[in-house]
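Colleague: First, the structure itself, so that you have it in front of you.
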Amino acid sequence: MTATPKISTELTGKKMILCLVAWFVICTIFYILIHIREDNRQQALIKVGVSISKDISSQSGLPLLERNIKLLSRIIEKITQKPEVVFASIIDHKNKIIAYTDQKQFLALDQQKAGVVEDVHYWRISNPNHQRVMNFSSDVTFSGTRVGEVFISLATENIGQLKRLFVFFAVSTLLAIVFLFTIVNYKDCFSWLKTLNTNLKSHKKPVLNDFRDSEISCPLCGNQENFSSDGFQIPDLEKFPILKQSSETNNSVLLQEIAKVEQLNWLKRQIVIQCTRIINKIAAE
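Mind the numbering: the sequence shown is residues 8 to 292 in the numbering used here, read in order.
Right under this line is the structure:
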């Protein structure tokens with residue numbers, strides 16, 4: 008009765024493993040594609056940031072040395088007209104802000120620099136407005152001498168958001184697969200328990216009327232008699248004759264006296280052994 012649920016459970020387990028393998032392969036492929044796409048977008052943004060930083064640095068050397076704040080402000084204003092630029096500033100060699108678009112955002116620039124391309128450092132942070140940006144910094148030089156530094160921030164245009172959404176989707180689908188197979192397994196177990204309960208009910212205690220035309224056999228001696236609820240009535244063991252001689256002598260041996268008759272020791276052993284077998288058989292069931 009238990010073979011079918013066992014086979015069904017094994018098949019369900021194999022299907023689950025196959026689904027998990029397929030899920031892993033598909034997620035890996037899509038993750039690689041998304042990672043390549045996001046990396047290309049980031050590299051393109053870095054390229055733009057490096058170009059803008061070097062452009063500002065090349066224009067700011069002499070004006071910064073001359074402290075021409077108006078010209079530096081026009082340079083900053085021109086740069087910030089580009090849609091991807093959210094902040095720009097120029098500081099002198101004493102780390103004093105000379106030109107900027109927003110002093111509050113300048114305070115967020117003091118971060119560890121993650122990378123460098125063509126002497127331009129870049130790193131990603133969240134600005135005070137909780138906007139994810141990529142910062143760039145490059146030295147301003149004049150005749151080979153460092154006279155200041157340029158900071159700019161470019162909007163990352165949700166770079167990395169697609170990867171986060173994919174991770175959320177992958178985890179959600181994994182949980183859905185596990186939940187689905189869990190429901191299926193519990194359904195199989197419930198069906199198996201229901202079948203087992205039905206089988207137990209089908210093997211319930213037989214009604215006496217179902218065997219009214221049957222014969223009952225004594226498990227001790229094998230004699231048969233008509234089956235009824237009066238069968239196997241317990242006799243008075245104190246006066247029960249186990250052995251009767253011919254009617255002429257009218258002698259008998261009671262059950263309780265069998266152990267006293269040496270010639271009947273074999274009979275005593277037979278009875279004890281057979282009774283023990285009957286008890287063990289009934290108890291085993």
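All C-beta atoms, glycine included, are put in the ideal place defined by N, C-alpha and C. Note that the coordinates shown come from a computational prediction; the quantities given were computed from them, not determined experimentally.
Considering only heavy atoms of the ligand PLP, does any lie closer than 7 angstroms to the CB of residue 98?
Modeller: In the structure shown, the ligand PLP is absent, as is every other ligand, since no ligand is present at all.
Colleague: When the Cα atoms are used, what is the spatial distance from residue 77 to residue 171?
Modeller: Between residue 77 and residue 171, the C-alpha separation is close to 43 angstroms.
Colleague: In three-state terms, what does DSSP make of residue 103?
Modeller: Coil, per DSSP.
Colleague: By a C-beta neighbour count over all protein chains shown, 10 Å radius and 16 as the cutoff for buried, is residue 279 buried or exposed?
Modeller: Exposed.
Colleague: Which term fits residue 70, buried or exposed, when burial requires 16 or more other beta carbons within 10 angstroms of its beta carbon?
Modeller: Answer is buried; the Cβ neighbour count reaches 16.
Colleague: Using 10 angstroms around the beta-carbon of residue 143, count the other beta-carbons present and answer buried if the total reaches 16, otherwise exposed.
Modeller: The residue is buried, with at least 16 neighbouring Cβ atoms inside 10 Å.
Colleague: Among 160, 30, 54, 26, whose alpha-carbon lies nearest the alpha-carbon of residue 83?
Modeller: Nearest C-alpha to residue 83: 160.
Colleague: Around the Cβ of residue 33, are there at least 16 other Cβ atoms within 10 angstroms (buried) or fewer (exposed)?
Modeller: Exposed.
Colleague: Report the rounded CA-to-CA distance for residue 24 versus residue 86, giving the unit in angstroms.
Modeller: So the two alpha carbons sit approximately 56 angstroms from each other.
Colleague: Please determine, among 222, 247, 269, the residue with the shortest C-alpha to C-alpha distance to residue 259.
Modeller: For residue 259, the nearest C-alpha among the options comes from 247.
Colleague: Taking just the CA atoms, how far does residue 222 sit from residue 281?
Modeller: So the alpha carbons of these two residues sit roughly 21 angstroms apart.
Colleague: For residue 178, which of helix, strand or coil comes out of DSSP?
Modeller: Three-state DSSP puts residue 178 in a helix.
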